[in-house]
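S.K.: Supplied in structure tokens, the structure appears directly below.
2 protein chains.
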Amino acid sequence: MDAKTQAKYEARAKIIKAMAHPARLFIVDELSKNGERCVCKLTEMVGTDMSTVSRHLAVLKNAGIIEDEKRGAQVYYRLRVRCVLDFFECVESVMKCNASDQQKLLVS
Amino acid sequence: MDAKTQAKYEARAKIIKAMAHPARLFIVDELSKNGERCVCKLTEMVGTDMSTVSRHLAVLKNAGIIEDEKRGAQVYYRLRVRCVLDFFECVESVMKCNASDQQKLLVS
DNA sequence: GAGGTATTTGGTAGTTTAGCCAAATTGGCA
DNA sequence: TGCCAATTTGGCTAAACTACCAAATACCTC
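Protein chains in written order, with my numbering: chain H, 9 to 116; chain S, 9 to 116.
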């Protein structure tokens, strides 16, 4: 793999890596359902330190998956690209596939 | 987030995390184009140690994204779920979106 | 069975990530 | 201006990840 190809896949990986954490997946899911949320509300839902949530949000924003808007004392985050929701669909189908194979193992 | 919800998002994250590495993305891409490849061929293409490639393949297999078949001295890997290719499409559109926003910044 | 190739696994060092606390920053309001 | 709430950032530690080398396995051929 030459340097250029390497760079291409690294750029792609960065975006996928941003989604590769349970708290961040939860946040994306929540934003998809609710349009937008402030950091304090997300912190309450996720259940970790606010500084941790803020860092997760920074990762997602840095990847270009979400965007923020300051309104008064709060910062609201929302999805910038809807297609990340397709990830969920595929992930479900992989899990379903895994489960059915597991089933076969048990039966046989 | 209660324990059950946590577990749900962890399971999803595991699958996405399996895709979140440039070498693994390359491998998935390659398998999508070529149907199947043995470890030695992938090693040659990726350009790292064979043991490293083998570990990457194990991660993808463990997530249920690829499957293997031993034929003679070689092990062939292939995609188990085509939908992971949708990831690429979305990633491209995120990158395009990022690029156009960058453009706006330069102009303004 | 001996030797050779393909692959996986054990061990290890360096890097990155995630979480918390504390401190700094920002905007709103008395 | 001075205080309060919301958010981000710095500092630190523990855990996870990645890559390499070397050793163990598995399979084929002679």
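Backbone N, C-alpha and C define an ideal beta-carbon position, used for all residues, glycine too.
Here the structure is a predicted model, which is why all the values come from computation and not from measurement.
#1: What residue from H:K69, H:L93, H:F96, H:R90 has the CA that sits closest to A26 of chain H's CA?
#2: In chain order, which continuous runs of the alpha helix (DSSP H) of length 4 or greater are located wholly inside the segment 14–93 of chain S?
#3: With a threshold of 16 other CB atoms inside 10 Å of the CB of V115 of chain H, please say whether the residue is buried or exposed.
#4: Report the residue from S:C98, S:Q14, S:D76 whose alpha carbon sits nearest the alpha carbon of R20 of chain H.
#5: Distance check for E77 of chain S and V83 of chain S, CA to CA, integer angstroms please.
#6: From this set, S:K41, S:K104, S:G43, S:I35, which residue's C-alpha is nearest L50 of chain S's C-alpha?
#7: Could you tell me the alpha carbon to alpha carbon distance between Q110 of chain H and K104 of chain H, rounded to whole angstroms?
#8: Please report how far the alpha carbon of Q14 of chain S lies from the alpha carbon of P30 of chain H, in whole angstroms.
#9: Would you say M169 of chain S faces chain H, with C-beta separation under 8 Å as the test?
M.R.: Answer, in terms of the structure:
#1: H:K69
#2: 30–42, 47–54, 58–71
#3: exposed
#4: S:C98
#5: 6 Å
#6: S:I35
#7: 10 Å
#8: 7 Å
#9: Because chain S is modelled from 9 through 116, residue 169 of chain S falls outside the range shown and cannot be assessed.
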